[in-house]
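Heads up: the structure comes next, in structure tokens.
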Amino acid sequence: NGNFNYGAYHSLEELYQEMDRIASDYPNLASRQEIGRSFEKRPLYVLKFSTGKGKRPAIWLNAGIHSREWISQATGIWIARKIVSDYGNESSITSILDEMDIFLMPVANPDGYVYSQTKNRFWRKTRSRVPGIQCVGVDPNRNWNASFSGEGASNDPCSEAYHGPKPHSEIEVKSVVDFIQNHGNFKSFIDIHSYSQLLMYPYGYTCKHPRDFAELDQVAHRAAKALASLYGTSYRVGPICSTIYMASGSSIDWAYENGIKYAFTFELRDTGHYGFLLPAQQILPTAEETWLALKVIMKHVHHHLY
Amino acid sequence: KEKFNGHQVFQIKVRDGEQMNKLNELVNMENFKLNFWKLPTTPKRSVDVVVPSSSLKLVKSFLESHGLEYSISIEDLQALLDEEIKEMKHNRGKERN
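Chains as they are written, first to last, in this note's numbering: chain A, -8 to 297; chain B, 82 to 178.
Now the structure itself:
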């Protein structure tokens, strides 16, 4: 409606208000649902985009699990507005939503996001505390029950990659896990991070290829090509393990091991010049190019329902 | 609010496994108080690290003595953060108007 500046970074409150506004502007298409509360009792909101009833085949879009990666939350909220404005005007999104639901969580770690805006811009983890342990927070992308506490995660609570005391110990992770398992019909799980311009798929905890390697690799290459077509942004594609490093307990490994075949994770702009401090003027181009890749993946999922 | 006055961001390039080992030594030097945005993984990928003002000389000397190529990608971290906060406040004002 012209009031929200998508080309700027925003506080959590502003992002939540905009999610509410999207739901109010498109009551027949979008709704804001609370799926739980964070460690510090902030609501965990998801936007559901649906044109039907019941538990239809669905796509999960997850952003902002690492709080300092502000371009991921900004891209998430832009995508929300893009979905509602494209429905009925753009054929592929219209046909996807005529048959499937999309769930979008733009801020998967709200406590960390607020902390990164008020105390430490480089905060990555949750803000959970365990009695007797001095350091705060768990890496929410090492906390999923997929080879939990294996290679590429730390058992040191002070580490940036601390896996936490047990799988799904983080309420932010558990809320998503419970929601997805209760739903039972998710076909795709896409996580959005920054930075380093990568599009990856399972596995992270092992360098063994997933059984759907060929298909996931082919889809990811097509998505990266579509992304590059807008501004020439170059992405590398591959499994997490060989593309960056071994990382156990990650969201997409959990999704894939729980039967969600189309599991991907993005690392958005840039390749290190600004890192987590990507200037606001790059939000719109980043979101626009990411959307092209997402559409390739979502269309593929839609055409290959299983 | 934590301040990052005088902190700089270094981008470090690694040629081979030996240099990777040296870089990992740097990662483990807790007294330097470095914040690695991305940890060293393979020689092909550069590494970005926030270096506090108190460690600038020591880190530069470590990198140079081991032949590790680096460049300064952010000269003044706090200036960039101040700019970001200013812009967010400005945008909030615009929205209210």
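The beta carbon of each residue, even a glycine, is placed where N, CA and C say it ideally should be. Remember, it's a predicted structure, so these values are computed and weren't measured experimentally.
Sequence-distant residues of the same chain with beta carbon closer than 7 Å to residue i, five excluded per side
| i | result |
| --- | --- |
| A/T234 | L189, M191 and R227 |
| A/G266 | Y186 |
| A/T224 | Q188, L218, R260 and E280 |
| A/S63 | A54, G55, I183, H184, S185 and L259 |
Pick from the options that is closest to residue i, judged by C-alpha positions
| i | options | result |
| --- | --- | --- |
| B/E83 | A/A284, A/F257, A/K178 and A/Y106 | A/Y106 |
| B/S135 | B/Q100, B/G174 and B/K114 | B/K114 |
| A/K44 | A/F30, A/N53 and A/L20 | A/L20 |
| A/R364 | A/Y186, A/I26, A/E31 and A/V75 | Absent from the model: residue 364 of chain A. The displayed extent of chain A is -8 to 297, so no value can be given. |
| A/L218 | A/L207, A/I288 and A/K110 | A/I288 |
| A/R120 | A/L283, A/F30 and A/G250 | A/F30 |
| A/H174 | A/G123, A/W51, A/E151 and A/M237 | A/W51 |
| A/G128 | A/D102, A/Q108 and A/W135 | A/D102 |
| B/E99 | B/M169, B/Y151, B/N116 and B/H147 | B/H147 |
| A/A14 | A/I26, A/A205, A/A71 and A/K199 | A/A71 |
| B/F143 | B/W118, B/E106, B/D97 and B/F85 | B/E106 |
| A/D261 | B/K103, B/S154 and B/T122 | B/S154 |
| B/E150 | B/D129, B/K167 and B/P133 | B/D129 |
| B/H171 | A/D130, A/K110, A/N(-4) and A/T66 | A/N(-4) |
| A/Y253 | A/K290, A/C232 and A/Y222 | A/K290 |
| A/S242 | A/A271, A/H200, A/H184 and A/Q108 | A/H184 |
| A/K46 | A/E90, A/S82, A/D147 and A/H295 | A/E90 |
| B/E165 | A/S82, A/N100, A/Y78 and A/Q108 | A/Q108 |
| A/A271 | A/L6, A/T66 and A/P122 | A/T66 |
| A/N249 | A/Q8, A/R118 and A/D169 | A/D169 |
| A/L207 | A/N146, A/P148, A/H295 and A/N(-6) | A/H295 |
| A/N134 | A/Y297, A/L6, A/F257 and A/D244 | A/D244 |
| A/N100 | A/R118, A/F204 and A/R112 | A/R118 |
Residue j beta carbon less than 9 Å from that of residue i
| i | j | result |
| --- | --- | --- |
| A/L285 | A/T277 | no |
| A/Y186 | A/G143 | no |
| B/G87 | B/D163 | no |
| A/D182 | A/F94 | no |
| A/N132 | A/P158 | no |
| A/W114 | A/S41 | no |
| B/N116 | B/V95 | no |
| A/L35 | A/Y104 | no |
| A/Y247 | A/P193 | yes |
| A/N176 | A/P48 | yes |
| A/I56 | A/E163 | yes |
| A/P156 | A/H200 | no |
| A/G(-2) | A/I274 | yes |
| A/S160 | A/I26 | no |
| A/S84 | A/D77 | The sequence given here has Ile at residue 84 of chain A, not Ser. Yes; because the gap between Cβ atoms is below 9 Å, this pair is in contact. |
| A/L283 | A/S220 | yes |
| A/Y7 | A/V98 | yes |
| A/E5 | B/R173 | yes |
Close Cβ partners of residue i (< 6 Å) along its chain, the five nearest in sequence each way excluded
| i | result |
| --- | --- |
| A/W61 | Y0 |
| A/M96 | V37 and N53 |
| A/S140 | H154 |
| A/C126 | P148 and C149 |
For residue j and residue i, believed in contact at Cβ under 8 Å, the rounded distance
| i | j | result |
| --- | --- | --- |
| A/L319 | A/R23 | Outside the modelled stretch of chain A, which goes from -8 to 297, sits residue 319 of chain A, for which no answer is possible. |
| A/S179 | A/I251 | 7 Å |
| A/H293 | A/S86 | 7 Å |
| A/G263 | B/Q92 | 6 Å |
| B/V140 | B/P121 | Contact flag wrong, Cβ pair sits at about 14 Å. |
| A/K110 | A/D130 | Not a contact, Cβ separation roughly 18 Å. |
Closer than 8 Å: residue i CB and nearest the ligand ZN heavy atom
| i | result |
| --- | --- |
| B/H171 | Because no ligand of any kind appears in the structure shown, any question about the ligand ZN cannot be addressed here. |
Test: residue i CB closer than 9 Å to a CB of chain D
| i | result |
| --- | --- |
| B/V131 | Going by chain labels, chain D is absent from the structure shown, which instead holds the protein chains A and B. |
Contact set for residue i: own chain, Cβ-Cβ below 8 Å, skip 5 residues either direction
| i | result |
| --- | --- |
| B/D97 | P124 |
| A/C198 | P230, C232, S233 and M237 |
| A/Y297 | K178 and K252 |
| B/Q159 | K84, F85, N86, G87 and H88 |
Note down, one range per segment and in chain order, each beta strand (DSSP E) of at least 3 residues found wholly within the stretch 196 to 265 of chain A. Complete beta strand (DSSP E) runs here, min 3: 227 to 230 and 253 to 259.
Those runs of the beta strand (DSSP E) which lie wholly inside the stretch -8 to 54 of chain A and span at least 3 residues: Complete beta strand (DSSP E) runs here, min 3: 21 to 28, 34 to 40 and 49 to 54.
Which runs of the beta strand (DSSP E) spanning at least 3 residues fall entirely within the stretch 121 to 159 of chain B, listed in chain order? If you keep only unbroken beta strand (DSSP E) runs of at least 3 residues inside the stretch 121 to 159 of chain B, you get 128 to 132 and 150 to 155.
Beta strand (DSSP E) runs contained entirely in the stretch 142 to 198 of chain A, provided each spans 3 or more residues: Runs of the beta strand (DSSP E) inside the stretch 142 to 198 of chain A: 177 to 185 and 189 to 192.
Starting from the N-terminal side, write out each stretch of the beta strand (DSSP E) that is 3 residues or longer and does not extend beyond the stretch 89 to 122 of chain A. As far as the stretch 89 to 122 of chain A is concerned, its whole beta strand (DSSP E) runs of at least 3 residues are 92 to 96.
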